[in-house]
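What follows is a short report on a single structure.
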Amino acid sequence: AVKLTLKAQQRFNKSANPEKVRNIFRKYNFHGRVARRKTFLSKAHRGARLEFAKSYIKKQPEFCNSVLFVDESKYNVNGSDGKQMVWRKPNSELEMKNVTPSVKHGGGSQIVWGCMSAVGVGNLHFIDGMMDQYMYLDI
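The sequence shown begins at 19 in this note's numbering and counts up by one.
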């Protein structure tokens with residue numbers, strides 16, 4: 019709200035109180051939150067994705083029998099890599115319910131790879147280290 023108040027003061031040459039700005043936002047059901055992270059897609063990327071999707075729209079239903087969906091995901095041993103938000107009272111930041119436990123060096127993670135097709139799901143594979151083309155072909 020402070021940044022927005024300063025911008026408004028510069029643009030309209032009027033003074034405003036940041037708390038007043040916050041109250042107006044809250045009145046219209048806007049609340050301060052940590053921004054979600056999302057992979058950046060340029061206009062060219064979005065266009066390419068749309069063309070890719072359109073190229074498969076007229077395929078015969080039997081085509082789906084030859085498609086294999088694969089994905090991998092990282093699971094952390096000790097929780098998320100991201101920010102953890104809590105609602106707490108002043109001076110209660112060190113109470114156990116308001117703390118996210120951590121260990122030195124992160125505690126490790128495990129990468130899991132899996133697949134599925136029209137006929138069902140495949141086995142899960144636990145990946146140690148970085149997956150390269152040779153490990154991918156070995157699965």
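Note that CB positions come from ideal geometry on N, CA and C, so glycine has one too. As the structure is a prediction and not an experimental result, all values here were calculated from the model.
ask   = Which residues in the same chain have their Cβ closer than 8 Å to the Cβ of Val39, if we skip the five residues on either side of it in sequence?
value = Ala19, Leu22, Thr23, Ala26
inquiry  = For Glu113 and Lys45, what's the separation of their Cα atoms in angstroms?
reply    = 32 Å
query = Taking the Cβ atom as the reference point for each residue, do Phe93 and Ser120 lie within a distance shorter than 8 Å?
reply = Going by the sequence as given, residue 93 is Tyr instead of Phe. Result no, Cβ atoms of Tyr93 and Ser120 do not sit closer than 8 Å.
Spatial neighbours of Arg106 in its chain, beta-carbon cut-off 7 Å, leaving aside the 5 residues before and after = Asn116
request  = Check each candidate in Cys133, Thr118, Pro108, Leu155 and name the one with the smallest Cα separation from Asp99.
outcome  = Thr118
key: Among Ala136, His143, Leu68, Ile129, the one whose alpha carbon lies nearest that of Leu86   = Ala136
task = Quick one: measure Cβ to Cβ for Gly125 and Asn96, integer angstroms, because I've assumed they're closer than 8 Å.
result = 4 Å
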